[in-house]
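**Q** Sending over a structure as structure tokens; questions will come in a sec.
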Amino acid sequence: MGTCNSLLLLLGWAAVGTSVVAQSPPAATSAKETSAVKVSVASLKPGDLREYPGLSKPLRQLIDTGLALTSKDLGYHYGSCDPASGGMDCSGTVYHTLQALGLKPPRSSFDMYRWLVDKGMFHSAEGATRAEDPAFAQLQPGDLLFWQGTYDTSGRTPPISHVMIYFGTLKSDGKPVVFGASSGRRYRGRAIHGVSVFDLGLPAAESKSRFVGYGPIPGLAQAKP
């Protein structure tokens, strides 16, 4: 059993996603069989993102690193933060991506949330159900995104259960794009299973899950070049 699997089984770290329906994808997609579930992912080129040219070098490197992972047909593997296993979970994907940039993030979605809160970098958007909500006024490419209640997280307060990274908006349709890993979330109408780009799926008001908030990654320069 790998290091990430051992840590997650010990501490109860996990992640799954919710889904929203959108339009057909302009991005490249691929699929293959992994275990009992078909890997189905979507990918983009950095130049497909509207904000990319104006971002700082560290943020462009973040996006480049993430998009490179989306082209590897990686599945959703609970407990994994290692692409060599054939897949990763949500916090494992974020953890691996940030480590590749020389950062030392926490491993779980809850501890990543606490990481931002402790540094005063977290912006609450609890209960937001639309990307146009004023709570997203400070959202920037490279920000971590957090959800709660996507699965049982007894003992966590708040019950953070999912994390992804906001990559910006697509030139072709102006809609938000996020990066991470999930089994069931969607990208432009397609159900995704794996490490991929996704729609910014926000739970409906009646859902048990909730979007909690977002914030910049500590240690990663946010300024423009």
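Each residue of the sequence shown is one higher than the one before, counting from 959 in the working numbering. Built from N, CA and C at the ideal position, the CB exists for glycine as well.
#1: Are the CB atoms of Arg1008 and Gly1100 nearer to each other than 8 Å?
#2: So is Tyr1172 buried or exposed if we call it buried at 16+ other beta carbons inside 10 Å?
#3: Would Thr1028 and Ser1154 qualify as a contact pair, given that the criterion is a beta-carbon distance under 8 Å?
#4: From this set, Asp1006, Ser1066, Pro1134, which residue's C-alpha is nearest Phe1094's C-alpha?
#5: Per the contact definition of three or more C-beta pairs closer than 8 Å, is the stretch 993–1005 in contact with the stretch 1141–1152?
#6: Would Ile1118 and Gln1106 qualify as a contact pair, given that the criterion is a beta-carbon distance under 8 Å?
#7: Answer yes or no: do Leu1074 and Pro1016 have a C-beta to C-beta separation smaller than 8 Å?
#8: Could you tell me if Pro1092 is buried or exposed, where buried requires 16 or more neighbouring beta carbons within 10 angstroms of its beta carbon?
#9: My understanding is that Phe1156 touches Val1136, with C-beta atoms under 8 Å, so please give their C-beta distance in whole angstroms.
#10: In the DSSP assignment, the alpha helix (DSSP H) including Ala1058 goes from what residue to what residue?
#11: Which same chain residues end up closer than 8 Å to Gly1045 when comparing Cβ atoms and leaving out the 5 residues on each side of it in sequence?
#12: At which residues does the beta strand (DSSP E) containing Ile1123 begin and terminate?
#13: Going by the DSSP bridge assignment, what does Tyr1034 pair with across the sheet?
#14: By Cβ distance below 6 Å, which residues in the same chain neighbour Ile1021 in space, the five residues on each side in sequence not counted?
#15: Leaving aside the five residues before and after Leu1061 along the sequence, list all residues of the same chain whose C-beta is less than 6 Å from its C-beta, in chain order.
#16: Please name the residue, chosen from Phe1080, Thr1087, Ser1141, that lies closest to Leu1097 on a Cα-to-Cα basis.
**A** So, to answer that:
#1: In the sequence shown, the residue the question calls residue 1008 occupies position 50. In the sequence shown, the residue the question calls residue 1100 occupies position 142. For Arg1008 and Gly1100, no; Cβs fall outside 8 Å.
#2: Residue numbering aside, residue 1172 sits at position 214 when the sequence shown is read from its first letter. Classification for Tyr1172: buried.
#3: The sequence position of residue 1028 within the sequence shown is 70, counting from 1. The sequence position of residue 1154 within the sequence shown is 196, counting from 1. Yes. Within cutoff.
#4: Taking the first residue of the sequence shown as 1, we reach residue 1094 at position 136. Ranking Asp1006, Ser1066, Pro1134 by Cα distance to Phe1094 puts Pro1134 first.
#5: yes
#6: Translated into the one-based positions of the sequence shown, residue 1118 becomes position 160. Translated into the one-based positions of the sequence shown, residue 1106 becomes position 148. For Ile1118 and Gln1106, yes; Cβs fall inside 8 Å.
#7: Position 116 of the sequence shown, counting from 1, holds the residue named residue 1074. Position 58 of the sequence shown, counting from 1, holds the residue named residue 1016. No, they are not a contact pair.
#8: Locating residue 1092 in the sequence shown gives position 134, where the first residue counts as 1. Exposed is the call here.
#9: As a working mapping, residue 1156 is identified with position 198 in the sequence shown. As a working mapping, residue 1136 is identified with position 178 in the sequence shown. Going by Cβ atoms, the distance from Phe1156 to Val1136 rounds to 5 Å, so yes, they are a contact pair.
#10: In the sequence shown, residue 1058 corresponds to position 100, counting from 1. Residues 1048–1058.
#11: By one-based count along the sequence shown, residue 1045 stands at place 87. Excluding residues within five positions, the ones whose Cβ falls inside 8 Å are Thr992, Val997, Leu1032, Gly1033, Tyr1034, His1035, Ser1038, Ala1139, Gly1152, Val1153.
#12: Indexing the sequence shown from 1 puts residue 1123 at position 165. 1118–1127 is the span of the beta strand (DSSP E), which, as asked, contains Ile1123.
#13: For this step, residue 1034 is matched to residue 76 along the sequence shown. Tyr1034 is bridged to Met1046.
#14: To locate residue 1021, count along the sequence shown from 1; it is residue 63. Closer than 6 Å at the Cβ level, and outside the excluded window around Ile1021, lie Pro1004, Phe1125.
#15: Position 103 of the sequence shown, counted from the first residue, corresponds to residue 1061. Closer than 6 Å at Cβ, skipping near neighbours: Gly1177.
#16: Within the sequence shown, numbered from 1, the residue matching residue 1097 stands at position 139. Ranking Phe1080, Thr1087, Ser1141 by Cα distance to Leu1097 puts Phe1080 first.
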